[in-house]
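Below, the structure is given as structure tokens:
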């Protein structure tokens, strides 16, 4: 009887231990599966967050690029408008009468007689050159800084002196008192010098005169 009881106890103990080990194994397996599932969920959440961050960075970069492109387009439009306005202003300035006068004045500069000729009333006026021997009508005296006047078909009376021209130039009505009619002659005078010329004369041959060509405006 005692032996049967011991066998029964041993069998119960053996079964109980097997069940305990199986429960522990099941619980450990369940915990492992639960932990693995949590890890997988965390990894998936991390991947989703990383993907979202990457998409946000890409969207931000695209927006920034589009904004820069828009700024460049606006800048180009402003530059084109400024260039167009500047061109219109320059064209307007060039087409103005004052600008045309300035251009004409610049173009007219440098038109001087070389050599300078004096002549009688039959000699034509113009720009004197070695080929075109024309008499200068733009004479100016560098001594008295006065324009040289000239009168066709007249000559000066021999009684003329410095004070006469100093006091009466350039009033023809007063100068007429000492002018003599002479066909083909031309009377020249400033405030300090005077000449009566009948034929074509190179001014450089008269060293007492300080007369120069003061440019011709065509």
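Residue numbers (UniProt numbering): 1 to 218.
Beta carbons: idealized from backbone N, C-alpha and C, even for Gly.
| Query | Result |
| --- | --- |
| Among 206, 179 and 160, the one whose alpha carbon lies nearest that of residue 154 | 179 |
| Contact belief for residue 150 with residue 186 at Cβ below 8 angstroms, rounded distance in angstroms | 6 angstroms |
| Proximity of residue 192 and residue 141 at Cβ, strictly below 8 angstroms | yes |
| Residue range of the unbroken beta strand (DSSP E) whose run includes residue 183 | 179-189 |
| Residue 139 - partner residues in DSSP beta bridges | 213 |
| Cα-Cα separation, residue 160 to residue 200 | 23 angstroms |
| Whole-Å CB distance - residue 128 paired with residue 116, under 8 angstroms assumed | 6 angstroms |
| Per-residue burial, residue 206 [other beta carbons within 10 Å of its own, 16 or more giving buried] | exposed |
| Residue range of the alpha helix (DSSP H) that includes residue 249 | Only positions 1 to 218 of the chain appear in the structure, and residue 249 is not among them; the question remains open. |
| Coarse secondary structure for residue 129, derived from DSSP in three states | strand |
| Nonlocal neighbours in the same chain, by C-beta distance under 8 angstroms from residue 183, ignoring five residues either side | 121 and 153 |
| Local conformation of residue 121 per DSSP, three classes | coil |
| Same chain only: Cβ atoms within 7 angstroms of residue 100, ignoring 5 sequence neighbours per side | Any reading at residue 100 is ruled out, since the residue's pLDDT is 47, under 50, leaving its predicted position unreliable. |
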